[in-house]
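Since the structure comes first, as structure tokens, the remarks are kept for the end.
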Amino acid sequence: MNKRVNSGIGGQAVIEGIMMQNRDKYAIAVRKPDKEIELKVEKVKRYNKEGTWRSWPFIRGIFAFVDSLVMGMKCLMYSASFFEDEEEVEKQKEKEKNLSKEEVEALRKKQEKQESAVMTGVMIFSVVLAIAIFMILPFYVSSFIGRWVTSKWALSAIEAVIRVVFFLIYIVMISKMKDIERTFMYHGAEHKCINCIESGKDLTVENVLSSSRLHKRCGTSFLFYVIVVSIVFIMFIQVDSRALKIILRLALVPVIAGVAYEIIRLAGKTDNKFINALSKPGMALQKLTTKEPDAEMAEVAIAAVEAVFDWREFLSKNFGRKKEEKE
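The numbering of the sequence shown is my numbering, which starts it at 1199 and goes up by one.
Structure (structure tokens):
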């Protein structure tokens, strides 16, 4: 087996671009309509701060999930700003036309607050909808089937199957949407870039494109683990009250996220055969949520990585490669 070393880099595909995070910094690289790459680097604002109770095992996963949601939405909105409708741009210019510099600044700050409020609303709605579809709806469907099933364990198994089916349907449906096909291609570029580094190759377009687009630390795998862990927990919730069953399912959501986070964290750090076996279903699902990128997308991924990570130093330290100066 070829040597692989965990780089600790994480990322996310955005609109015509990629976000890459390393330690306390993240970079967003976006291919603008004029084909130039816009690069933005900022410090990471975390909820699961190191050295506090928020960074304890199983608890840190809850805050890491919140961090990823907030940062992900922020990065998506930033990338979308480069592709605003021309009519909206003209309307904005018209609004600012007769305003002073101070008034323009005040207007933009107000708009930023409004956008932040919308972002928060969308994020909360998305989480509530996901819980409703993947946690509550399967329970009600299985409860309906329960009219003909007497065994509680059999009913729990049925609910588990329904939950998996719903998740697979969701993954297949979004993979068929043409509007996000390019985002999935950038998702593939993100994975290929990280795999390229972690397998000891120079970060070049050619090496990135030849690397695998599947990675054990992917968000798709995390969602798969969430589903599996939820099934295990819920199998042991054997109470008679329907209301209590729903309350317990909701109460377990953060616990499930925390456990799933520890599994994917471990998967990214080890090549243990058992952990690799656990990773295979999630990686198989990535074939739907990642697509083969083109050379321009690989360039965007490389730009994002190089803004926050010294891959030459990494290769020198972990693979004995001679460090060369960046051209």
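Idealized CB from N, CA, C, for every residue including glycine.
Separation of residue j from residue i, as counted between CA atoms
{"i": "M1199", "j": "K1376", "result": "Unreliable placement is indicated for M1199, whose pLDDT of 45 sits below 50; no coordinate value is reported for it."}
{"i": "C1391", "j": "T1402", "result": "9 Å"}
{"i": "K1362", "j": "K1291", "result": "In the sequence as presented, Lys is not what sits at residue 1362; that position holds Val. So the two alpha carbons sit approximately 49 Å from each other."}
{"i": "N1393", "j": "K1399", "result": "9 Å"}
{"i": "M1217", "j": "G1209", "result": "5 Å"}
{"i": "P1479", "j": "D1232", "result": "39 Å"}
{"i": "R1345", "j": "A1449", "result": "26 Å"}
{"i": "Y1459", "j": "H1385", "result": "20 Å"}
{"i": "L1476", "j": "I1432", "result": "19 Å"}
{"i": "K1299", "j": "A1328", "result": "43 Å"}
{"i": "E1282", "j": "R1258", "result": "36 Å"}
{"i": "F1263", "j": "V1325", "result": "11 Å"}
{"i": "K1243", "j": "F1342", "result": "45 Å"}
{"i": "I1444", "j": "I1334", "result": "7 Å"}
{"i": "R1252", "j": "L1421", "result": "21 Å"}
{"i": "K1350", "j": "S1439", "result": "13 Å"}
{"i": "A1225", "j": "S1205", "result": "16 Å"}
{"i": "K1485", "j": "T1381", "result": "14 Å"}
Nearest neighbour of residue i, chosen from the options [CA to CA]
{"i": "E1357", "options": "M1275, Y1338, I1473, T1402", "result": "Y1338"}
{"i": "M1275", "options": "K1241, K1311, G1259, V1302", "result": "K1311"}
{"i": "I1473", "options": "E1300, I1461, A1278, L1513", "result": "I1461"}
{"i": "F1364", "options": "V1426, F1280, V1506", "result": "V1426"}
{"i": "I1213", "options": "S1314, R1440, W1254, G1270", "result": "G1270"}
{"i": "A1465", "options": "I1435, C1416, F1512", "result": "C1416"}
{"i": "A1355", "options": "S1266, K1272, I1435", "result": "I1435"}
{"i": "V1268", "options": "S1314, E1234, A1304", "result": "S1314"}
Outcome for residue i when other beta-carbon atoms lying within 10 angstroms are tallied against a minimum of 16
{"i": "S1408", "result": "exposed"}
{"i": "A1528", "result": "The requested residue 1528 does not occur in the structure, where the chain is confined to residues 1199 to 1525."}
{"i": "R1221", "result": "exposed"}
{"i": "I1367", "result": "exposed"}
{"i": "P1336", "result": "buried"}
{"i": "E1525", "result": "At E1525, the pLDDT of 43 sits below 50, so the modelled position is not reliable and the matter cannot be decided from this model."}
{"i": "T1488", "result": "buried"}
{"i": "A1499", "result": "buried"}
{"i": "P1491", "result": "buried"}
{"i": "E1523", "result": "Low local confidence applies: a pLDDT of 48 at E1523 is under 50, so the model's placement there is unreliable, and no value is given."}
{"i": "R1306", "result": "exposed"}
{"i": "Q1309", "result": "exposed"}
{"i": "A1211", "result": "buried"}
{"i": "W1254", "result": "exposed"}
{"i": "V1316", "result": "exposed"}
{"i": "M1383", "result": "buried"}
{"i": "V1370", "result": "exposed"}
{"i": "K1520", "result": "exposed"}
{"i": "A1304", "result": "exposed"}
C-beta atoms of residue i and residue j nearer than 9 Å
{"i": "L1446", "j": "V1457", "result": "no"}
{"i": "R1202", "j": "E1396", "result": "yes"}
{"i": "I1260", "j": "A1455", "result": "yes"}
{"i": "L1237", "j": "A1493", "result": "no"}
{"i": "V1609", "j": "I1207", "result": "Given a span of 1199 to 1525 for the chain in the structure shown, any question on residue 1609 remains unanswerable."}
{"i": "T1352", "j": "M1495", "result": "A quick correction: the sequence has Ala, not Thr, at residue 1352. In this structure, M1495 does not lie closer than 9 Å to A1352 by Cβ."}
{"i": "G1319", "j": "S1277", "result": "no"}
{"i": "S1428", "j": "F1517", "result": "no"}
{"i": "M1481", "j": "K1374", "result": "no"}
{"i": "F1280", "j": "V1453", "result": "no"}
{"i": "K1223", "j": "E1248", "result": "no"}
{"i": "S1419", "j": "L1513", "result": "no"}
Identified DSSP bridge partners for residue i
{"i": "V1169", "result": "Any answer about residue 1169 is impossible in this case: the structure gives the chain only from 1199 up to 1525."}
{"i": "A1527", "result": "With the chain covering only 1199 through 1525, there is no way to say anything about residue 1527."}
{"i": "A1211", "result": "I1216"}
Short CB-CB distance (under 9 Å) between residue i and chain C
{"i": "I1334", "result": "No chain C appears in this structure, which consists of one protein chain only."}
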